[in-house]
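Numbering (my numbering), first residue to last: 105 to 413.
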Amino acid sequence: MPNKAGYEGQAVTGDRRSYVIGQTEIAARPLAPALYLVATPIGNLADITLRALETLASADIVACEDTRVSRVLLERYGIRRRTTAYHEHNAGEAGPKLIAALAAGQSVALISDAGTPLVSDPGYRLVGEALAHGIRVVPIPGPSAALAALTASGLPSDAFLFAGFLPVKAGQRLTKLESFRQVPATLIFFESPRRLAETLGAMAEALGGARQAAIGRELTKTFEEMRTGTLAELADHYAAADTPKGEIVICVGPPEASEDQPADIDRLLLSLAAEMPASKAAAEAAKMTGGQKQALYRRLLELREGDGG
């Protein structure tokens, strides 16, 4: 049945707001009306935080990327709350209903299939709408595949850039990678197991085969694996191996200072200019390299003139 906000969700029996740890049932304290962004385990269900459990148990509505996946976690800890699907395919329809529920004074907990919400999922749209309506947004921190891989990679962690999934098409993927070539930080990507070998080959081509990297697979699960080496070594390994199974995180170390930096900047300028106006390309290159926008703009014009364009 619709509740007082007119929101229809999966029914729950009674209003039992508690969670179970071991054999102990713990009553969940009431939640203030807000949108709660709850991080959930990326594999090992024991990685859930006590605060996350209490939030999920007390929320009026639990919005899930996939209710079937989330039900496994909720049942593990004896949580019986109303659940509804919120993902990239239904965000336009489900989002306004959740905002209406929040505006009516209810609490909504947003979770993804695994890890921290908004990381490679559409939750940022809901957060933006909530903030625009003056609704409080509360992060409930916890597991993150990107940070788990970074900390175990052995690569510099003082500065890092999370880039999510790369484009599937080869040309677009190379262009995107070229734009990261001079970023002075460890790069973190998600990738499909079936595209891992191809992507590592593209990374070796665009970023340099000697760049140090690490592959995190099935993190926190039974067959967890961290494999390190240069991009060239890793590309060769996975090209010869069977297609790996499980979730993949790729970490690529920052570039080292080299004599051919001007050529690298030229490559970056041309790559950016293929996708945006020259002035914007120069501005983006300035942000990535620390160079001066006007000097980079002039250099881009020189490169175009040299190509006859």
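We treat Cβ as the ideally placed atom computed from N, Cα and C, and that holds for glycine.
Closest Cα partner of residue i within the set the options
i	options	result
A318	V272, A267 and A256	A256
A289	F266, G275, T303 and K325	F266
N148	A367, T326 and A339	T326
V223	S283, L300 and A249	A249
V353	A339, K280 and G268	G268
D119	I125, T128, P134 and Q127	P134
A345	P297, T188 and A167	P297
D217	A263, R184, A167 and Q210	A167
A310	T324, G209 and L270	L270
K349	A150, G333, A386 and G320	G320
A343	A382, A189 and A306	A306
A163	V173, E197, G209 and N194	G209
I125	A156, T159, Y181 and E169	Y181
I239	P366, E328 and P137	P137
S261	C355, Y123, L372 and A387	C355
A143	L160, A131, A132 and Q127	L160
L214	S174, L251, A207 and E179	S174
F264	I244, L291 and V272	L291
C-alpha distance - residue i paired with residue j, whole-angstrom precision
i	j	result
I165	T220	18 angstroms
A236	L230	10 angstroms
I396	A389	Sequence check: residue 396 is Gln here, not Ile. Approximately 9 angstroms, taken between the alpha carbons.
L304	G312	11 angstroms
A253	L300	16 angstroms
E363	I369	Note that E363 scores 43 on pLDDT, short of 50, meaning its location in the model is unreliable; the coordinates nonetheless yield the value given after this. About 12 angstroms.
A314	R408	29 angstroms
M392	S283	8 angstroms
T153	E337	37 angstroms
E129	P145	21 angstroms
E233	G410	48 angstroms
D280	E379	One point to set straight first is that residue 280 is Lys, not Asp, in the sequence displayed. For K280 and E379, the distance between alpha carbons rounds to 10 angstroms.
T324	A339	24 angstroms
G357	A205	44 angstroms
Y140	L405	49 angstroms
A150	E360	39 angstroms
P366	Q286	11 angstroms
P247	M330	17 angstroms
G258	E295	20 angstroms
V242	A377	39 angstroms
T334	E328	20 angstroms
Reduced DSSP category for residue i - H, G, I as helix; E, B as strand; rest coil
i	result
M330	strand
V272	coil
G129	Here residue 129 is Glu; the residue named in the question, Gly, does not match the sequence. DSSP places E129 in strand when its eight states are reduced to three.
A163	coil
V353	strand
R155	helix
Y140	strand
Q316	strand
T303	helix
R121	coil
L323	coil
R231	Correcting the residue identity first, residue 231 is Val in this sequence and not Arg. Helix at V231.
A345	coil
A385	helix
A263	coil
I369	helix
L291	strand
G410	helix
R277	helix
R285	coil
A378	coil
Cβ-based burial, residue i [other Cβ within 10 Å; buried from 16]
i	result
T347	exposed
A274	exposed
R185	buried
E197	exposed
D170	exposed
Q276	exposed
S383	exposed
**Q.** Minimum length 3: unbroken beta strand (DSSP E) runs contained in the stretch 161 to 244
**A.** Taking 3 residues as the minimum length, the beta strand (DSSP E) runs contained wholly in the stretch 161 to 244 are 165 to 168, 186 to 189, 212 to 215 and 241 to 244, in order along the chain.
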